[in-house]
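Residues 63 to 923, numbered by the numbering used here, are exactly what the sequence shown covers, in order.
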Amino acid sequence: MSRKYTPSDIEAKWQKRWDDSKLFNAERGEKGEKFYILEMFPYPSGAIHMGHVRNYAIGDVIARFKMMNGFNVLHPMGWDAFGMPAENAAIERGVHPADWTYKNIDNMRAQFKRLGYAYDWTREFATCDPEYFKWEQLVFTKLVEKGLAYRKTSYVNWCPVDQTVLANEQVEDGKCWRCDTEVTQKEMTQWFLRNTEYAEELLSGIEEHMQQWPEEVKIQQRNWIGKSYGTEIEFEVPKLGENLTVFTTRPDTLFGVTFMSIAPEHPAVPKLCAGTEQEEDVLAFVEKIKKEDKFKRTADDYKKEGVFTGAYAINPATGDKVPVFAANFVLYEYGTGAVMAVPGHDQRDFEFARTYNLPIKIVIQPEGETLDPDTMEAAWTENGLMVNSAPFDGTPNRKGIDEVSAWLEERKQGKKTVQFRLRDWCVSRQRYWGTPIPIIYCDKCGIVPVPEDQLPVTLPENVEFTSQGGSPLAKCDDFVNTTCPTCGAAAKRETDTFDTFMESSWYHLRYTSRNCDSGMADPEDAKYWLPVNFYIGGIEHAVGHLMYVRFYHKVLRDLGIVFSDEPATRLLTQGMVCMETYRHAEKGWLFPSEVERKADGSHVIKGTDEPVTVGRVEKMSKSKRNTVDPNKLIDRFGADTVRLFSLFAAPPEKSLEWNVAGVEGAHRFLNRVWKTIADHLDMWQQDDAGYDFDALDKNAKALARKTHATIKKATDDINRVQLNTAIAANMELINDISRFKPAGEADNAVLRESLESIVAMLSPFAPHITDELNELMGRSGYTVVSGWPTYDEAKLVTDTITMPVQINGKVRENLEIAPDMQPDAIIALAMESPKVQKWIEGKEIKFSKVIPGKMVTLAVK
Ligand code: ANZ
Ligand code: ZN
């Protein structure tokens, strides 16, 4: 045998064998409990990066570990294939998005295969396959029928660069999640899904079903759903001839209202100012604010501005007449879009009142203090006793919240309600490379969902891609012009496509039933495999994808397509892969491969004296050039090393700092495992003699114990997804193995057990080398099949201690005992020892005592 570990000799060979033997193909109902592990599928950008390697390696370890433990594992992979980069490539390079995408998929699939991930490739699909999105279109038409999908004209987030609408979840700090451009607001007619219908269940599901999700994700989801208990209060507005309703969480402050604020987009605004001298100013202000980003408008440091509308409202509690302002910080979509302003007790109202010289009235008095409206520097937002509030004076304000609500309800001036921050999901996008929205507009019949027998609605091929903006489909007459499915008259197709998050909302379902041609999935498949037992992906999806997929799953449940309440039982959010950054004064960011470290520790551009500054450790990104190409690493070290390093360098949830030394360390470790086994290969030529643990000498016992302790630790660690410490435990084990010098058959058996165990335990992490070693040891089959090693509790007992037995002042025996042995048991053990017996036989025991951890003393006569 070749004594040298050469990954390139073995990795492709094993990948082919796994493929040929369909080792990772899952079948429903095979024996063993089902275990569905899923990692968020990649966008086919063309090349994998270290973030992919790590993410998918984490999932692969869990998948293989579960296979070894007898589970029926489903571990699929596919492609989140629609999206903007394909379309941009078409604009910039003239390649068709489909060609670009499928070519990238081929590249990336090959790269994934090189990493030896245990996927069931028979279940692979790309979301741009018409046989995939066909079912999404069909479900959408059902949602239209059920009223869960609807069309609405509203102000939506608009990215001027990508020339498309964005969902709220896709706006980060007022910027487009893709291109970082400031988002503006645009009035458009769009399709929405009624997420808000499920708000309550999305919230309660967090408590009921998501015990195994990271706290951080749950907090973000709770805030995003934003349930708020409050009261709607009616304010009469004489000028309107009708009421304006406000939503407040603080009815206890009702007597302190000194003005009202209303969202500039509120339809009442033009009526409020009609005919007043302010009319023009108000309408100009409205136009200005409509274009502003809604998210910025809610920020604490956002400058509060407004204009008096010229109209007044009547406070239902006091009868006071208060001015109505259009104010930029009031959002039209939240609550009722109108707010009763209490500057004494709400900070935003306070700032607004100070700016526009509006009165401030104190209605909550802190105990032992008197607030002065003229001099106070901030609103009093804490608790206190109600004052200036007629029937409620002296009531603690917390109690007042309920009492004022009840009082208003009695007077029919208000009612308790619940508000959610969650908004319906805008799913229309003005792009080409997405799922066409299966709707036809007919002058006679109106909105007509495309009937099932005409699905899928596919994308036309010959479309012109320009950077001019506007939906490419709208310019494609062949696509747009069609006939009405209901009346046969000429009609037009919807030209928007779906948000790509629609496709990622049900891919977990499709994997369970990849070839189903009667719907999204065969109900038996969905029943058997779902929910996903273990889901892995980035925390950045906390309120985007991870909300959508939960919502959509519930919708599918209510359509009878899935049978669980939630898509995934357990979620792990993996950390980022980070690396040092390098920068040259003129050339800017440099790739690590362009930089050289000199002996004195300084950095220069390779082969020159030009100094390079080493910057912060940051998430690997193309823009900062702090990336390493996994392919080059695999060429050099093999896939097993790359996998092992990405798992060893940090716990899965934490960010990982990439470094060469770490990769080399992982490689050395695998080499050492290889060499140790290669050195002992003749051992497997003989029968395994086995060993009697109790009869082993001290060294052999220690190694056997170490082996079993390592199995226990690795098992527990992998179950807790502490993959780095599971690897570390095996590194310790190989150290102990190297030091062990077997003498005799029993010792050989101990060593053999250690080596076989280490191969099995490393198998999920480094599957190629372990399958090769397994075969070299003469064991047939694959390590994932031969199973995970088990440990024997009896062999785990921690080291014994030596306990001298003194008889009449002289040490006559040394007992080996467990450190936690009880005194009575120690004395009994001592008495049984032949050496002790010799000295006490026929004598009377006058005295016996155990000095814990030290010795046993006996006095005999
Ligand atoms: C009077 C008041 C007095 C308020 C006070 C607060 C403190 P959450 O917890 O987010 O539900 N509000 C209501 N609708 C709004 C809108 N569309 N845009 C901006 N602000 C709005 O907060 C509810 C509170 O936010 C409401 O209670 C209202 O101000 C404001 F001492 O009403 B409050
Ligand atoms: Zn028609």
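We treat Cβ as the ideally placed atom computed from N, Cα and C, and that holds for glycine.
Every value quoted in this text rests on a predicted model; they were computed, and no experiment measured them.
Within 7 Å: the Cβ of residue i and any heavy atom of the ligand ANZ?
i       : result
Thr-315 : yes
Arg-924 : The requested residue 924 is not part of the displayed model; the chain covers only 63 to 923.
Ala-325 : yes
Tyr-217 : no
Leu-447 : no
Gly-399 : yes
Gly-292 : yes
Val-344 : no
Val-3   : Since the first residue of the chain shown is 63 and the last is 923, residue 3 is not available in this structure.
Phe-653 : no
Gln-481 : yes
Met-402 : yes
Phe-202 : no
His-328 : no
Phe-414 : no
Tyr-396 : yes
His-158 : no
Phe-926 : In the structure displayed, the chain extends from 63 to 923; residue 926 sits before or after that span and is not available.
Asp-408 : yes
Between which two residues does the beta strand (DSSP E) harbouring residue i extend?
i       : result
Ser-708 : Per DSSP, Ser-708 belongs to no beta strand (DSSP E); it is in the alpha helix (DSSP H), 701–710.
Pro-673 : 673–676
Trp-651 : 650–652
Met-745 : Run containing Met-745: none; DSSP gives neither H nor E here.
Trp-162 : Where Trp-162 is concerned, there is no enclosing beta strand (DSSP E), although the alpha helix (DSSP H) it sits in stretches over 159–176.
Ala-921 : 917–922
His-646 : 644–646
Ala-828 : Segment: none, Ala-828 is in no beta strand (DSSP E) and carries neither H nor E.
Arg-874 : 872–879
Where residue i and residue j are concerned, what is the direct C-alpha to C-alpha distance, given to the nearest angstrom?
i       : j       : result
Arg-659 : Arg-116 : 26 Å
Ala-927 : Ile-907 : Since the displayed the chain opens at 63 and closes at 923, residue 927 lies outside it and no answer follows.
Leu-835 : Lys-78  : 17 Å
Gln-427 : Leu-433 : 7 Å
Ala-373 : Glu-413 : 21 Å
Lys-774 : Met-272 : 28 Å
Gly-476 : Val-227 : 37 Å
Ile-888 : Pro-896 : 15 Å
Val-404 : Leu-316 : 8 Å
Arg-730 : Phe-187 : 38 Å
Val-674 : Phe-710 : 30 Å
Met-130 : Glu-95  : 12 Å
Glu-565 : Val-611 : 9 Å
His-137 : Tyr-597 : 11 Å
Val-542 : Lys-75  : 51 Å
Ile-509 : Ile-502 : 6 Å
Lys-478 : Glu-471 : 8 Å
Gln-232 : Arg-90  : 37 Å
Thr-246 : Thr-557 : 22 Å
Phe-653 : Gly-669 : 14 Å
Leu-206 : Pro-159 : The question names Leu, but residue 206 in the sequence shown is Val. Looking at the two C-alpha atoms, the distance is approximately 29 Å.
Thr-864 : Ile-879 : 6 Å
Hey, quick one: how far does the alpha helix (DSSP H) through residue i stretch, first residue to last?
i       : result
Asn-87  : Element bounds for Asn-87: n/a, residue is neither H nor E.
Leu-205 : 192–208
Gly-121 : 112–130
Thr-307 : Counting along the chain, Thr-307 falls outside any alpha helix (DSSP H), though it belongs to the beta strand (DSSP E) covering 304–310.
Cys-578 : First-last for Cys-578: undefined, no H or E at that position.
Between residue i and the ligand NAP, is there a pair consisting of the residue's CB and a ligand heavy atom that are separated by less than 7 Å?
i       : result
His-770 : Here the bound small molecules are the ligand ANZ and the ligand ZN; the ligand NAP is not part of this structure.
So that I know if they touch, is there some Cβ in chain B lying closer than 8 Å to that of residue i?
i       : result
Glu-471 : Here there is only one protein chain, and chain B is not present.
Checklist entry - How do the segment 177–188 and the segment 121–139 stand: do at least 3 beta-carbon pairs fall below 8 Å, yes or no? => result yes
Checklist entry - With contact counted as at least three CB pairs below 8 Å, one residue from each stretch, are the segment 98–118 and the segment 635–650 in contact? => result yes
Next on the checklist: Taking 8 Å as the cut-off, does the segment 315–329 touch the segment 416–426 (at least 3 CB pairs, one atom from each stretch)?
Outcome noted: yes
Checklist entry - So does the segment 482–497 actually touch the segment 285–297, counting three or more Cβ pairs closer than 8 Å? => result yes
Checklist entry - Below 8 Å, can you find three or more Cβ-Cβ pairs linking the segment 104–113 to the segment 757–777? => result no
Checklist entry - How do the segment 638–656 and the segment 615–628 stand: do at least 3 beta-carbon pairs fall below 8 Å, yes or no? => result no
Next on the checklist: Within 8 Å, do at least three Cβ pairs link the segment 216–227 to the segment 333–346?
Outcome noted: no
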